[in-house]
Amino acid sequence: MSALSESLVFNSKQALFAAIEIHNKPIFPYRYQICSILLINAWELILKGYIAKYRTKVKLISEDGTTKPFEECLAFVKSAIGNEFALENENLECLYEFRCDYIHFYQDSIDPILYSLLGKGVQLYSRFLLKFFGVDLCDEAHLILLPVGFKPPVSPIDFLSNKSNLKDSSKEVKEFVRKVIVSTTTLAKMGVEEPILYTFSMSVENEKRVKNADIVAAITQEIGHEAIAVKNVLHGVRISNEDGAKVVKVEEESLFLTVYTQSSREVYLNAVKRFPGLKQNKQYRDIMNQAKTNPHLFKIRYLDVLHHKGTGQGFYSEAIYNVLAEHYKTKETDDMATQIEEATNTKKAEAEPPI
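For the sequence shown, the UniProt record's numbering assigns the number 1 to the initial residue and increments by one for each residue that follows.
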């Protein structure tokens, strides 16, 4: 690296370490405001270090002695790196907006959101430094911090229900949170699944289409209920009895609320609608009996849950329909085949000479 680039990287790291040190002070009332200033400063210096190292023809210092502002540096690096820098760009734009527009003008407490933005910003900084400068902060700084606190970790649930910390917040704060959500949506449209917030991933969409969320919020209008009912669910989990499978403790009740939800009768009634040629014959019974041997597809709900004794009822996961699709044609497939056959017959009739 050039002397300029090396100096910029060194000063950038000092700003980052200062942000981490201040964040971890037990008593510091202006914690997130100062940390956001220092983290943006660290990023501004490292972005200038990138430009000094990889784009040597670009002038960082103008004739009047001023340097490129943060916004220009961010836009330049985004343009140079492309979509690989999209996650960093969205995270930094949110932090910078808080740093410039909101930091001085409201009393509302949105510490969990700021904590998540800052934490992700530090994580992304560490990746950027390692990728473009070959510096591993873990090896250099020996950062081993104790996760000590006086209250439980924050949860996005606190910001979703009617009792949310945002319920009585100012319109400026609500607008800031809205922009954080817009940034996440922008990344999703670009195919970037990693969130800009540290710790939690949130998705607001049809529950059946959720792929990358730690929490699913169901909206209800029932009298006497909160506007948003939040529950933890299992997504992307494959139940297995393999010896080498990772062990995860899950409450028995939640499995039958989220994974094994289809009774034998429900499977048959739904399957008849999806697969017109399906009949409850030997072929169908053989397929279903075979599925019962697969823990990913079938589980028995016992009355005596602890000892797996007593009368029980079996339930299938929705993956059973994928298995049936391997053996039966769907209605859409039949319709398509009919259309192709009709089109082929029409072409043959047109091609044949009249008698």
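Backbone N, C-alpha and C define an ideal beta-carbon position, used for all residues, glycine too.
Bridge partners - residue i, DSSP secondary structure assignment
i	result
Lys279	Lys279 pairs with nothing; no bridge assigned.
Ser317	Tyr260
Thr66	In DSSP, Thr66 forms no bridge with anything.
Lys299	Phe315
Ile196	Per DSSP, none; premise fails for Ile196.
residue 356	One cannot answer for residue 356 here, as it falls past the ends of the chain, which runs 1 to 355.
8 Å contact criterion, which residue i and residue j should meet: CB distance rounded
i	j	result
Leu47	Leu118	The Cβ separation is near 17 Å, so there is no contact.
Thr184	Ile196	6 Å
Leu4	Leu87	Leu4 to Leu87, Cβ: 27 Å. No contact.
Tyr328	Leu297	Actually they do not touch by this definition, with Cβ atoms about 16 Å apart.
Tyr125	Leu45	Not confirmed; about 11 Å, so no contact.
Phe176	Glu63	37 Å between Cβ atoms; not a contact.
Nearest neighbour of residue i, chosen from the options [CA to CA]
i	options	result
Ala291	Asn270, Arg274, Leu303, Ser264	Ser264
Val77	Tyr96, Thr66, Ala52	Ala52
Tyr50	Ala18, Glu84, Lys13, Leu129	Leu129
Gly121	Leu324, Trp43, Gln280	Trp43
Gln262	Ala3, Ser317, Met288	Ser317
residue 369	Ile287, Leu187, Leu137	With the chain covering 1 to 355 only, the question about residue 369 has no answer from this structure.
Phe256	Arg301, Gly277, Tyr284, Tyr54	Arg301
Pro112	Tyr32, Ala271, Thr56	Tyr32
Lys13	Ala75, Arg127, Phe85, Ile61	Arg127
Arg285	Ile320, Arg274, Lys273	Ile320
Ile37	Ile22, Ile27, Ala80	Ile22
Val192	Phe85, Gln123, Lys59	Phe85
Gly314	Glu326, Tyr30, Asn289, Asn83	Asn289
Lys131	Ala325, Asn24, Tyr54	Tyr54
Gly324	Gly82, Gly312, Gln123, Gln283	The sequence as given places Leu at residue 324; Gly does not occur at that position. Of Gly82, Gly312, Gln123, Gln283, the residue nearest in Cα terms is Gln283.
Ala271	Met190, Phe133, Glu326	Glu326
Met190	Val58, Pro29, Gly82	Gly82
Arg178	Pro295, Val135, Leu137, Ile110	Ile110
Glu194	Glu140, Asp101, Gln123	Gln123
Exposure label - residue i; buried when at least 16 CB within 10 Å
i	result
Cys35	buried
Thr66	exposed
Gly224	Below a pLDDT of 50, predicted positions are generally treated as unreliable, and Gly224, at 45, falls in that range; the measurement from the model is reported next regardless. Answer is exposed; the Cβ neighbour count stays below 16.
Thr220	For Thr220, the predicted structure reports a pLDDT of 49, less than 50, and the residue's modelled location is therefore unreliable. The matter cannot be settled from this model.
Val267	buried
Leu303	exposed
Ala19	buried
Leu269	exposed
Arg99	buried
Leu160	Confidence at Leu160 is low in this model, with a pLDDT of 48, below 50, so the placement of that residue is unreliable and no value is reported for it.
Tyr115	buried
Asn281	exposed
Val259	buried
Asn41	buried
residue 367	Since the first residue of the chain shown is 1 and the last is 355, residue 367 is not available in this structure.
Ile61	exposed
Val182	exposed
Ala80	exposed
Val180	buried
Ala75	exposed
Ile27	exposed
Ser2	exposed
Cβ of residue i within 7 Å of any chain C Cβ
i	result
Glu84	Among the protein chains of the structure shown there is no chain C, as only one such chain exists.
Any 3 or more C-beta pairs closer than 8 Å across the segment 86-96 and the segment 8-22 = A contact between stretches requires three or more CB pairs, one per stretch, nearer than 8 Å, and the segment 86-96 fails this requirement with the segment 8-22.
Inter-stretch contact (C-beta, 8 Å, three-pair minimum) for the segment 58-77 and the segment 169-184 | The answer is no - the segment 169-184 does not touch the segment 58-77, with fewer than three Cβ pairs under 8 Å.
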